[in-house]
Ligand SMILES: [Fe+2]
């Protein structure tokens, strides 16, 4: 696709807006160009796409196998009514939790490679998605901190991170989580992994770029061999340092937007919107390579 243009985000260490393309029509050479830019910049933003579900899944699968094909994110039920924000709805609890910075699926046996995320219905205000560059963050650490982090490993669990925002999820008899939506399609019931708690390094070499990235955020806790309070303080210090300009960009969505992020490099966060307004997004999660993204042994 000859008209494809990449405009880097100004004043930010990562990210580019892409124009002059229709994602479902990319030939192999154009996709390879897109993929190269994605690895280089970590986040691509493509407006005006309005992908249908099939188109989104087929496009996402060009990046690799999918951890899940399509999950609805937002505050709408299947019937179009709005979910209450009164503490009774599990999906809203997940929405609240996702306002903390995180990488996706660090709490699973294999961390996600990335995501294709599209906007169908957006509120008049709020609801931006924030992204933060953990490669630039690592690079910006002083040598003493880099040395301190070397070899450190933390636990990662969605039970832990959701409990911190008051969501006391209980494993169900079948290993899934008690939720108002057992369809398996709801993000609200995904990720409460009942196997061994994942363990991940705080500093990880990206398998494709060879660059070091911090792997931190809301799912991480209890660094192995460290007092829990000291661990919590260090993890918070790292997030506070990392998620600052010029390493942060908040994307204010328009319907039809598609973003593709590298989950091995970036953290992301949801932000609030007036919950009396509808928001409906679609998330396709690209599976990580088990060779490089698997949880470590304890
Ligand atoms: Fe997420």
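Residue numbers (my numbering): 8 to 305. C-beta atoms are modelled at their ideal positions from N, C-alpha and C, and glycine is treated no differently.
Residue environment, residue i, which counts as buried when at least 16 other CB atoms sit within 10 Å
i: residue 120; result: buried
i: residue 60; result: exposed
i: residue 129; result: buried
i: residue 251; result: exposed
i: residue 283; result: exposed
i: residue 202; result: exposed
i: residue 134; result: buried
i: residue 246; result: buried
i: residue 100; result: buried
i: residue 25; result: buried
i: residue 112; result: buried
i: residue 240; result: exposed
i: residue 231; result: exposed
i: residue 87; result: exposed
i: residue 97; result: buried
i: residue 143; result: buried
i: residue 110; result: buried
i: residue 304; result: exposed
i: residue 81; result: buried
Nearest-angstrom Cβ-Cβ length linking residue i and residue j, presumed shorter than 8 angstroms
i: residue 20; j: residue 254; result: 5 angstroms
i: residue 37; j: residue 264; result: Contact flag wrong, Cβ pair sits at about 19 angstroms.
i: residue 294; j: residue 72; result: 5 angstroms
i: residue 272; j: residue 49; result: 5 angstroms
i: residue 89; j: residue 262; result: Not confirmed; about 17 angstroms, so no contact.
i: residue 224; j: residue 152; result: Not quite, the Cβ-Cβ distance comes to about 17 angstroms (not below 8 angstroms), so this is no contact.
i: residue 56; j: residue 104; result: Not quite, the Cβ-Cβ distance comes to about 28 angstroms (not below 8 angstroms), so this is no contact.
i: residue 141; j: residue 277; result: Rounded, the Cβ-Cβ distance is 18 angstroms, inconsistent with contact.
i: residue 138; j: residue 268; result: 6 angstroms
i: residue 166; j: residue 176; result: 6 angstroms
Any non-hydrogen atom of ligand 1 within 8 angstroms of residue i CB
i: residue 109; result: yes
i: residue 275; result: yes
i: residue 82; result: no
i: residue 220; result: no
i: residue 102; result: no
Neighbourhood of residue i by C-beta distance below 6 angstroms, restricted to the same chain and skipping five residues each side
i: residue 180; result: Note that residue 180 has pLDDT 37, beneath the 50 cutoff, so the model's placement of it is unreliable and no number is given.
i: residue 156; result: 209, 210
i: residue 27; result: 10, 11, 12
i: residue 302; result: 116, 205, 206
i: residue 237; result: none
i: residue 54; result: 264
i: residue 297; result: 117
i: residue 172; result: 103, 104
Neighbourhood of residue i by C-beta, 7 angstroms cutoff - its chain only, sequence neighbours within 5 removed
i: residue 235; result: 229
i: residue 215; result: 46
i: residue 145; result: 210, 219, 220, 221
i: residue 259; result: 135
i: residue 69; result: 38
Interface flag, residue i vs chain B, CB-CB below 9 angstroms
i: residue 109; result: Considering every chain present, this structure includes no chain B. It has just one protein chain.
Residues near residue i in its chain [Cβ-Cβ closer than 8 angstroms; skip 5 each side]
i: residue 164; result: 114, 200, 204, 205, 226, 228
i: residue 23; result: 13, 14, 15, 16, 44, 48, 50, 51, 52
i: residue 63; result: 77, 123, 125, 265, 289, 291
i: residue 40; result: 11
i: residue 83; result: 89, 90, 128, 285, 286, 287
i: residue 131; result: 281, 284
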